[in-house]
Each structure stands twice: as C-alpha cells, then as structure tokens.
Amino acid sequence: MAAAVVGTKRPFAVMEGMQPSQETPYSLFRRNPNNLTSRTEEPYSRSSSAPSTPTPPLVAIDLSRSFEPDASLVLVGVRGTGKSTLAIIASAAFQRRVVDVDKFFQETTGHSSAAHRKLYGAFEHNCRQEEVLRSVLDTYGRDCIIVCNAGSMERSGQSLLRDYASTHPIVHVVRDPKSIHAYLKIREESKLTGLLAISGPIFRGCSNYEFYNFSETPSNHSEQGMPSRESSGDVVYAQKATPPFLALKRAERHFLKFVALIIARGKVPSLEPAYPLSLVPTELRRFTCAIAVPFSKLTADDLDIEDLEIGSDAFEIVIDDLQKTSLSMMASSSAQELTPARADQISRTISIVRRTVIIPIIFHVHADSELSASHRSTYLEHLRHGLRLAPEFCTISLLLDDEVILQILSTKGSTKMIGHLNTSNYEAPEWSDSFWTDSYERARRLGCDLVRFTRPARSLDDNFSIRILKQKCRALAEPAIPLIAYNTGHLGRVSICFNEVFTNVTHEALQHSSKDHLSSPTLCGPHITAQDSTRALYASFVFDPMQIYIIGASAGYSLSPAMHNAAFQRYGLPHHYQTHQTPSLNSLKALVNDPNFGGASVSLPFKIEVISLTHSLSRHARAIGAVNTLIPVRNLNPDGSIPDELSLFNERCRAGPVKALYGDNTDWIGIRSCIRRGLSPANAVRPRTTALIIGAGGMGRAAAYAMLHLGVKNIVIFNRTVANAENLVTHFNRLVSSSDAGLLPSSKSPDTRPLFRIIKSREESWPEDLRYPTIVVSCIPTHRLGDSPAPNFTLPSQWIRSPTGGVLVEIAYKTLHTPLLQQFRAESHKGWVCMDGLDLLPEQGFAQFELFTARRAPRRLMREEVLRRFTDAKGVTDPEVIQTRLEGIEDQDT
Ligand SMILES: O=C1C[C@@](O)(C(=O)O)C[C@@H](O)[C@@H]1O
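Quick note, my numbering runs 6 ahead of the 1-based positions in the sequence shown.
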C-alpha cells in the first residue's frame, strides 16, 4: 500500500538519504494532525549561483499585507520599470500626491544622487540617502504614492523599507529587460542583466507585493480617427485601432486593478466594479467553474487566454512543474529555492492573465500528494511568491503543519485562501470517513476561506457519497466556509459536474493533457470543459431552458437577439432570446406567465413605464429612474419581500411560476465602460473634470449616473426642452444629497458634491468657470422616430476646445453615420475618441447576460456578433473593420 502512495516522491527521498516513508499522509495526519511538517522555510534565501552583491539582500520573511486604507503606496524597482508613470496613474485615480525620493533628495541636498556621491564619497552619500528616505517615509506615510529607486537601497534603506512594509504596501515593479534596456540605454546589455540579477532579490526582500509592468506593444496603436472605408464620400462605421494616446490604457487598467486588490475595497468608488456579478463573491455563487491552466502551457504555448476564460468563473493558474523545478534546483545544488528568473516568469505570467481576463485568478501550486520534504520548501517559496502578486484566491496545502499555515494565512492580505488536499491514489479514505470532516474543520479553524478536497473515484458510487460529506460539513459549527469536493479520474466526472463551487474544467486548447489524464485515471485534473459541465447540468434538470425577450416599440432592428443567442450557444445554454415588438406593455403579462420566462431587455419607449410593473428595483434602477432589464423572481422571502442579489442569482434559470419582477438598469454600466475605454490617461477624471450630456431622457439619466460613479464633479446638461433638463438636475441633486442614496459616498460632504449645470442654447458660450468637457455623451435619437426627423445635431465648436481632447459616446446604433460622430472623428487628431452604439450595445449587454444567466458574458464573442450583424445603410458589413475594432479594445471594465 505504501508503495502506491509514495509514488513519484521516492527519488527525492532517496536523493536526500531519507528512508522512504512507510506511512501515508493520512495515517500521519491521524496520529498528529498538527505536525505533518515542522520546518518553516525562508523564501528568497540567496542563491549560491546568483551573482554576489555588495549589499546582501535581507531575507523577506512573510511581510504583512494588511494596512490602513490611507497608507501610502510605495513603488520600488530599478529605473526604467515605469514606476513614475504608474505613480501618476495611481495618483490621478486615488487623488494622491506623488513623492519621488530621488527628487526629494535633490531638493534637500541640492545635488543629484550621483553628483552627491561624487562630491562627498560613498559613506556620506549613503548616510544622506538613508536620512532622506527616512524623512520621506515618516512625512508622507498617508495618502501618497512614494517612488523609490535603487539609489536608496543600501542595507539601511532596505531595513527601513522592510519595517515600513509592516504597515504599508510596498510594490516591487518588474519589467522585461528589453524595455528597461530601451529606456536606460545602457550600452552593454550584460551590465543590465547583472544589475537585475543583483537587485531583484534585494527589492523582493523588502517589498510585500510585486507588479509586472507589461510593456504594451505599439504595433496595434495606429493612427486613430482615420476612416477605414469611404463609400461615395460617406464614412462607413469607421472605427480605428488604438490611437497613440490610448497606448497606456491597458497598463492603466491593469495597474489600477492590481492596486484595487491590495488596498481596501470601497475607497475609490470609480474603481469599484460595476458589472452585477462582480458585486457578489464568486465563491458564494452556485455551480461555478474554474478553468485550470497549467503554468507550463501558459509559458510554452501561444494560448488564447480570452478564449480559455469563456464559460468560467475563475481562472486557475496551476504551477504544475514544481517537481521538475525541484529536480533542476537540486541538480544545480541550489535546492529549495525560487530563482529570480523563475519568480519573474511567474510574475509575468500572472500579469498576462490579469490584464486579459475579467474573472478572478486562483493561484495553485500543485504539490505531490505527500508534500515531501524536498518538495515542501520549493512549494512554500512558490506560494509566498504567488501571494506577492495578489491573486484573488490561492490554495494552500493542508498537509503543512498548523504553524506554517497560520504564518502564511497571516500574510494573505485580500487573497482568499483555499485549504487544499488532493490525492492521486486509491488509498485515500472514503468520503464518509471522519478524515475529511476533521480536515474541513481544521482548515476552517486555521482561517482558510474555502476548502478543496479531491480524490480518485473507485466506483460511480463515490460520486454520490460526496453528498454525505457536504451535509456533515454543513452541520458543523458556523460559520461554514464553501467546500469544493469532487472525485477525479474517469469515473469521477459526475461529481465534477455536480460540484457547486469552482469546478475545475479544461478547454479544447488544453485537451491534449486532459486526454493524458483520462487514460491515467489516477492522475487528477479536469476532464470536462465548461460547456460539458453546463450541458450536464441542464440535461439533469438542475437548470431549465429559458425564454428571454427584448420588448420595445421598434425592437425589430435590435441586435440583442443575435448577440445573446450567440453567447448562449457558445456556453451550451439551451435558452432562446427573441424579439417582442409591441406598441404597449399589455402583452408583457402573457410572457411572464410562461414558467420558462427568463427575463427581458426593455427598449424604447418603455424604460420608465415598465417600472410600474416591477415589484422591486436594484439601487441603480431606483437612482436612475429607468429600467432596461427585467428579471423573474420565483422565490420570495418568508415575509414576502424580494431576496438579496446573491439569492436571486442562485435561483436563475429554474422554471416555475413567476412571483414578482425585479427591475435593473445596465445602460449606465455600458456608458461607464465606454467612457472608461475611451478616456486617455491624460484625461483621467480629476476634481475639475467636466462632462456634457446631450439629452435628458432615461439614457441621459443613465449617463449622469455613470458619471457620478466615475467621480465626475461637473456635469453640464444640454437638452432641447429645458424643463426636462431641469427635471434631471432636480432628480440628481436630490439623489446626491439624500442620506439613503448610499451610492456615492463622497457626495455626502457639500464641498465635494457634484455640480449640475444646464446650458439652454447652442449659442451660449461654454461657462467660464468650468473646464471644457473631456467627456461628451449624446443620448438623443440619431434616426427618424415616427414623424420626427433625425436631429441633425452637432456641437457648437466653441464647446469642444479641450486641449487634451476627450471621449464622445453616442448611444444609438441604428445609424452610425451621424453628423455628431463625423464632427468628432474630424477632431481625432486633437485627442478625441469616438465610441458609438456598437460599442455600447455589447457593454450593457454583458451586464444583462449576467443578470439573465448568472454567468460572466463571453465578451469578445458578443462584440464580434454585434459587429458582424450590423449592416450599414447599404446592407454591407466589413470584416476588416470588425477586426480593427476588436483589436482596438484595450480596456475591459469589470
Ligand atoms: O438601449 C438598449 C439597447 C436595446 O434597446 C437594443 O437595441 O437591443 C436593448 C436595451 O435593453 C438597451 O437598454
């Protein structure tokens, strides 16, 4: 029995001169559940093969990761990694001051660092450096972004920073050597390589986080605003690749996403996610999937990460080559170490995934099922490094002893930890064995946020006995933590389908390795795709097919049916989305009476009228005063009220009588996303940023609400009927001052309250006390409506004088050849970016898809479908334009 258990671990044991264990981890665990392992390792201990350094790095022992929300953020790293740019980006987003230690040094001493060293010698220089660093850290401990170069990193500087890291986030900024080289212009590249090899461990030794600043390739940043097609003098829905001033956009979103993970949530409303599913903890939703992607594949293959993400709720990066790493480390006599190059590679990979996907990342280091001594140290180093990258979730092996687990958990920061036990052998106890409940209880006691158990299935019955374990765990003392439990191997697929949280799935592109797994049932690994899992859940009646509609007076032209149906098909969802064109809302009742009614998109002119048919509204719909999405409610609370959003999500796609209708609004989310996508970092929202809304109907209100969420403080309304503009302003003034709004935290103080202004006529000049608008949203019709002709609307040129341009969002998409779009396209050389209705429709549609299905939307596919289905006035589509537009999408809102 032991031979089967020891498996791949034996060579290590032999190499270390250890006696192969005669016991299984389970028997060891039973005897002494708190002491399976005993040593605590030191990460980043210096490599014997690493180049020597005059100032040896301090060893980073589990630096803290919990801070006051206003604690200053420190960026450290060699020059050329982009720290100053990132600091400016963060400073604009968080309204924090940037303090550059080098500049501070120059201001206080009157010399640059290099000149000072030359004049006064190394010793005096180092003392001065330390003094300056200490003074900066002491003085600017709150609400600042501190930039710190290698100059301040002598040993004393390192220990100052390390102490600081117990109360402040210190981010080591890393970048690919080529970009650093291009920036620093060092003649000999080998000198840079040497510098990076020396400085990497030093910076890692005194920082608690790491950000890999991915260099954006300028290849797709072609000229913006150049119409891609001309047809008899008309511009055909031209949209361009990313303009140069948006080149930093992706870096901006990526960095802010990272910073938002490491500092307290809720501090900066404009950085808060808006999509409905982002607001409920993923691990509390039911029947979620996690695509498991081996690190070795991510680094070796050219994988389409956005495609891998489709259908999954989390992206699991599986460090699958630890054994290989351990072996090579042992061979190079630097065993138990994470080399700087390997650490860089992991940071880079996580960065690539994070900047592409919208779902949370799970960092999983795959250990052999016993976590053998030689393996354990490498395992821990990888785990500690993973936590530096702030993944949303991270697994920790429950084979470690309590002391080590507690130590790691105390440094988890915002990462949710999954206590993990996996086994690839048949000797693992039955699910009914108290081993599993004890392990669950222990993980919970130690502070894990979730637990994950896997074991190979010996028979089909094993799939069903998991229910017993789940029931037992649920009956244990509160608070229960989510349990992920399933069988692996060919026979375990049933339990994989019915596991409720983060079911590991695979993808066609990774299929090769999963087939290997299938042929070797002792190996664990996902065997089904997200689509397989979805199909199985519908085929076994856990979920039901739904009928979903778009309801509107002229809904016939809508591209929503094509967009949603394409997404359903890709996911393996049996739903059907159809058009319901109607002059009145009277026919809605009949649709809702169908037990398979799955919800509806509401189009013009019903977005306000439909409120009277709802029983409850989301806070957004309430604040805006308009509804564009209806959701059926089938289970009411015992007191008759509507359940919370999590419960609503967990009852989606189950047929039955509809007891109530819940109304939401996703238009504001779409508008917010378009503004964010089109706004260059130079135009990032600041206190004096001004926005202009044209129109004062339901969409105008959604635009105003989106702007308030983005932190815009000056909002100007222009509407043909001034009384409607006044109504809008009255509505929002009431909203921002009312204490129960609970939407815009910063608006409570009158000094920072947003200011609404009305411009009554095109002839008026732009108000002198306001900046020119950098955000313009046009919410007026662009085509003939009944007897009203299409308004031939353009903005007076005296209003569009922003020196840095801005973003124009035009909400309609029936025609894209509008005078306003043409006017702004002609201004693109001045920094104006146009977002039209074909950008907006999918953005608001992603949120509707989430509301209808409780799944993240396949964004690229939906965008593609909308672009493919759209035809211009001549009924033509252009694949080249579609491709250019898709490639131009740099920014993903969450
Ligand atoms: O405004 C729009 C666009 C839409 O009407 C369509 O055309 O599909 C669908 C609505 O839900 C959304 O609010």
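Built from N, CA and C at the ideal position, the CB exists for glycine as well.
As the structure is a computational prediction, the values presented were derived from the model and not from experiment.
Asked, Found
"CB of P551 within 8 Å of CB of N592, strictly", "no"
"V742 classed as buried or exposed, judged by whether at least 16 other C-beta atoms fall within 10 angstroms", "buried"
"Coarse secondary structure for A320, derived from DSSP in three states", "strand"
"Spatial neighbours of R103 in its chain, beta-carbon cut-off 8 Å, leaving aside the 5 residues before and after", "S97, Y146, D149, C150, I151"
"Reference L277; option with closest CA among H581, S420, F100", "F100"
"Proximity test, Q587 beta-carbon vs ligand 1 heavy atom, cut-off 7 Å", "no"
"Exposure label - K665; buried when at least 16 CB within 10 Å", "exposed"
"Three CB pairs or more closer than 8 Å across the stretch 807-817 and the stretch 729-739", "no"
"Three-state class that DSSP yields for R694 in the structure shown", "coil"
"Distance, P773 Cα to F799 Cα", "21 Å"
"Distance between R768 and A629 (C-alpha atoms, nearest Å)", "29 Å"
"Beta-carbon proximity check, R763 vs A712, cutoff 8 Å", "no"
"Q101, DSSP secondary structure in three states", "coil"
"G419 and I323 closer than 8 Å at C-beta", "no"
"Beta-bridge partners of W838, as assigned by DSSP", "G812"
"Pair within 8 Å by beta-carbon distance, T417 and S70", "yes"
"Beta-ladder partner(s) of I367, from DSSP", "F321"
"Near ligand 1: D673 beta-carbon under 7 Å from a heavy atom", "yes"
"Closest residue to A729 among M705, A709, G701, A708 (Cα-Cα distance)", "G701"
"Stretch pair the stretch 557-571 + the stretch 865-872: three plus CB contacts closer than 8 Å", "yes"
"CA-to-CA distance, C479 to D327, given in whole angstroms", "33 Å"
"Cα-Cα separation between A481 and S353, rounded to whole angstroms", "40 Å"
"G604 (DSSP reduced to helix, strand or coil)", "strand"
"Per DSSP, cross-strand counterpart(s) of A298", "E322"
"Of the listed residues S318, A253, A818, nearest to E893 (C-alpha basis)", "A253"
"Whether L190 touches L202 by CB criterion (8 Å)", "no"
"Distance cut-off 7 Å: V633 Cβ against heavy atoms of ligand 1", "no"
"S302 versus T384: straight-line alpha-carbon distance, rounded", "16 Å"
"Cβ pair A463, K476 closer than 8 Å", "no"
"Whole-angstrom C-beta distance between F321 and V286, which should lie under 8 Å", "Between F321 and V286 the Cβ distance is about 18 Å, and since that is not below 8 Å, they are no contact."
"Proximity test, Q850 beta-carbon vs ligand 1 heavy atom, cut-off 7 Å", "yes"
"Start and end residues, beta strand (DSSP E) containing A491", "489-494"
"Paired residues, beta bridge with R461 - DSSP", "N493"
"Classification of P760 by the beta-carbon crowding that lies within 10 angstroms, buried from 16 upward", "buried"
"Y819 versus S357: straight-line alpha-carbon distance, rounded", "35 Å"
"Inter-stretch contact (C-beta, 8 Å, three-pair minimum) for the stretch 655-663 and the stretch 539-554", "yes"
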